[in-house]
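Q: Converting from the sequence shown to this note's numbering requires adding 44 to each position, the first position being numbered 1.
Yeah, the Cβ is synthetic: ideal placement off N, Cα and C, and Gly gets one too.
Note that the structure is predicted; figures quoted are calculated from it, not measured.
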Amino acid sequence: GDTGPDLAELTRELPPPTAAAYSALRALQRSVVRLYGLDPEYTDMEAAIETAAERDTDIALIDEPIDEIMQDLSRRLGPLTIPKTMRRMQSMGPGEYADQMELLSLPFEEITSGDDVQPAIDHLRRLLPEVAAVLIDRRDRAMAERLHALRREENDVVAVIGAGHHNGIERRLEELESANADGASTATVLIRTPARSVTRIPIR
Numbered sequence: 045g046d047t048g049p050d051l052a053e054l055t056r057e058l059p060p061p062t063a064a065a066y067s068a069l070r071a072l073q074r075s076v077v078r079l080y081g082l083d084p085e086y087t088d089m090e091a092a093i094e095t096a097a098e099r100d101t102d103i104a105l106i107d108e109p110i111d112e113i114m115q116d117l118s119r120r121l122g123p124l125t126i127p128k129t130m131r132r133m134q135s136m137g138p139g140e141y142a143d144q145m146e147l148l149s150l151p152f153e154e155i156t157s158g159d160d161v162q163p164a165i166d167h168l169r170r171l172l173p174e175v176a177a178v179l180i181d182r183r184d185r186a187m188a189e190r191l192h193a194l195r196r197e198e199n200d201v202v203a204v205i206g207a208g209h210h211n212g213i214e215r216r217l218e219e220l221e222s223a224n225a226d227g228a229s230t231a232t233v234l235i236r237t238p239a240r241s242v243t244r245i246p247i248r
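1) Drop a sphere of 10 angstroms on the beta-carbon of D184, count the other beta-carbons inside from all chains shown, and report buried for 16 or more, exposed for fewer.
2) Can you tell me which of the three DSSP states L124 falls into?
3) Output the boundary residues of the alpha helix (DSSP H) element that contains A97.
4) Compute the Euclidean distance between the alpha carbons of R120 and L234, then round it to the nearest angstrom.
5) I'd like the list of long-range same chain contacts for L194, defined as Cβ closer than 7 Å, with 5 residues on each side in sequence excluded.
6) I need the straight-line Cα distance from T129 to R170, nearest angstrom please.
7) Nearest to H209 by alpha carbon, out of E98, A97 and I106?
8) Would you mind stating whether L172 and T95 have Cβ atoms separated by less than 9 Å?
9) Let me know the secondary structure DSSP gives I205 once reduced to three states.
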């Protein structure tokens, strides 16, 4: 089936500043997961599809569509993005930079909650607030609103999300549950049935 545009297609279609930022983020992501011994192609969606197939249940698409995310990034990023980022990096002293690197070097097996990756989120928010607003904050809000809608309908949900979204989604869910204690959610959630099966082969 169609898996959507690849990185090369996206970068050709995007304005140069947006394409450069997106490519850099993708490269950073792939480098980090390789350092931790993970498969860079094994995404949250892959994990969700396998989990749904194993449990014989449907998939709720709670994240934002990639094309909308990229359009939002295109609006926020421009020719001044890279110079601004360089100035922000230069404002960090050697000691602060070393502390940031130490925080980011936490072994993967020790990551058990959103708190463990919060330093990396804060680092991105400081250097690239325009990117964090879209890739983190906007998606946190959207995923929390759709999870809230599913819970209001009394669905049992197994949420498969990246560790970087744990804290933001949890905070937003608490806000939604406090604000909408007696009201109905207006979020729309797309539901799909996984068109694949998972076969576990025991290794003797």
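A: Taking the structure as given:
1) Burial call: buried.
2) coil
3) D88 to R99
4) Cα to Cα, R120 sits roughly 27 Å from L234.
5) A104, V201 and V233
6) Approximately 9 Å between the Cα atoms of the pair.
7) I106
8) no
9) DSSP places I205 in coil when its eight states are reduced to three.
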